[in-house]
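Structure first, then comments.
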Ligand SMILES: Nc1ncnc2c1ncn2[C@@H]1O[C@H](COP(=O)(O)OP(=O)(O)O)[C@@H](O)[C@H]1O
Ligand SMILES: [Mg+2]
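In the working numbering, the protein residues as written are 1025 to 1236.
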């Protein structure tokens, strides 16, 4: 996996030296974010994924995570063409989708539908999300959340949908939560360009995984 955000990056280290992170354990990570334990009810999410951050700070629907505190821009990472901002939010703590749960089945079905629609509509997010909103087989509350997501997409630049099953989580009451539905194309492209410069063009993306 390529990590656009790395714990040993000088920009990230500067942020992690802040009081907010003292004594906090890293409990999750993906391509764009580091997630730290912040007590029984909350986590701190440090992310370079601007479209997802913008969506999270505005999200209202119950199928999106609840944000407890928005710290805004807390630092930056230097990549290829410049400095890219790092955003920090304190958000509700969620659970991995329990195996065999209704939430997991729903997330799996939804991610497949998004994948099918992505192929059918050649990555056009408006058509993809429009299909989900209009799909009577999808529970109405989820369709409402996807409609809200489509609204946020209208004001985002350089993003792609990223609704694979790993980007869904659940609340203790079993409710499905869409955690991380977008990805930032611009930071991805800049990280890849960075790696190409360092390691040469022959390197395949799979070979670019760097220890963190
Ligand atoms: N609210 C949360 N509560 C608990 N763990 C979380 C939460 N959000 C994310 N995580 C953990 O962190 C991982 C990465 O989070 P994600 O939002 O998908 O980041 P990325 O932008 O890197 O894909 C998730 O797979 C999950 O294990
Ligand atoms: Mg993710």
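In this text, a Cβ means the ideal position worked out from N, Cα and C, and glycines have one as well.
On a predicted model such as this, the values are computed, not experimentally measured, just so you know.
Contacts around residue i, its chain only, beta-carbon distance under 7 Å, and the 5 residues preceding and following it disregarded
{"i": "residue 1102", "result": "1035"}
{"i": "residue 1094", "result": "1081 and 1113"}
{"i": "residue 1193", "result": "1118, 1119, 1120, 1121, 1201 and 1203"}
{"i": "residue 1210", "result": "1182"}
Rounded straight-line distance, which links the Cα of residue j to that of residue i
{"i": "residue 1168", "j": "residue 1090", "result": "16 Å"}
{"i": "residue 1196", "j": "residue 1116", "result": "11 Å"}
{"i": "residue 1200", "j": "residue 1145", "result": "26 Å"}
{"i": "residue 1220", "j": "residue 1135", "result": "31 Å"}
{"i": "residue 1062", "j": "residue 1048", "result": "7 Å"}
{"i": "residue 1171", "j": "residue 1030", "result": "33 Å"}
{"i": "residue 1212", "j": "residue 1100", "result": "15 Å"}
{"i": "residue 1178", "j": "residue 1205", "result": "14 Å"}
{"i": "residue 1188", "j": "residue 1133", "result": "10 Å"}
{"i": "residue 1109", "j": "residue 1160", "result": "39 Å"}
{"i": "residue 1140", "j": "residue 1222", "result": "36 Å"}
{"i": "residue 1190", "j": "residue 1224", "result": "31 Å"}
{"i": "residue 1050", "j": "residue 1077", "result": "19 Å"}
{"i": "residue 1105", "j": "residue 1182", "result": "15 Å"}
{"i": "residue 1152", "j": "residue 1186", "result": "12 Å"}
DSSP-derived helix/strand/coil call for residue i
{"i": "residue 1072", "result": "coil"}
{"i": "residue 1194", "result": "strand"}
{"i": "residue 1162", "result": "coil"}
{"i": "residue 1156", "result": "helix"}
{"i": "residue 1045", "result": "helix"}
{"i": "residue 1052", "result": "strand"}
{"i": "residue 1139", "result": "helix"}
{"i": "residue 1121", "result": "coil"}
{"i": "residue 1236", "result": "With a pLDDT of only 42 at residue 1236, under 50, the local geometry of the prediction cannot be trusted, and the value read off the model is given with reservation. The answer is coil: DSSP assigns residue 1236 none of H, G, I, E or B."}
Any non-hydrogen atom of ligand 1 within 7 Å of residue i CB
{"i": "residue 1172", "result": "no"}
{"i": "residue 1154", "result": "no"}
{"i": "residue 1191", "result": "yes"}
{"i": "residue 1176", "result": "no"}
{"i": "residue 1036", "result": "no"}
{"i": "residue 1137", "result": "no"}
Per DSSP, cross-strand counterpart(s) of residue i
{"i": "residue 1067", "result": "1061 and 1115"}
{"i": "residue 1100", "result": "1109"}
{"i": "residue 1200", "result": "1194"}
{"i": "residue 1184", "result": "1207"}
{"i": "residue 1213", "result": "DSSP lists no partner for residue 1213."}
{"i": "residue 1093", "result": "1114"}
Cβ neighbours of residue i in the same chain (closer than 6 Å, five flanking residues each side left out)
{"i": "residue 1052", "result": "1059"}
{"i": "residue 1066", "result": "1092, 1114 and 1117"}
{"i": "residue 1217", "result": "1104"}
Contact test: residue i Cβ vs ligand 2 heavy atom, cutoff 7 Å
{"i": "residue 1099", "result": "no"}
{"i": "residue 1208", "result": "no"}
{"i": "residue 1204", "result": "yes"}
{"i": "residue 1054", "result": "yes"}
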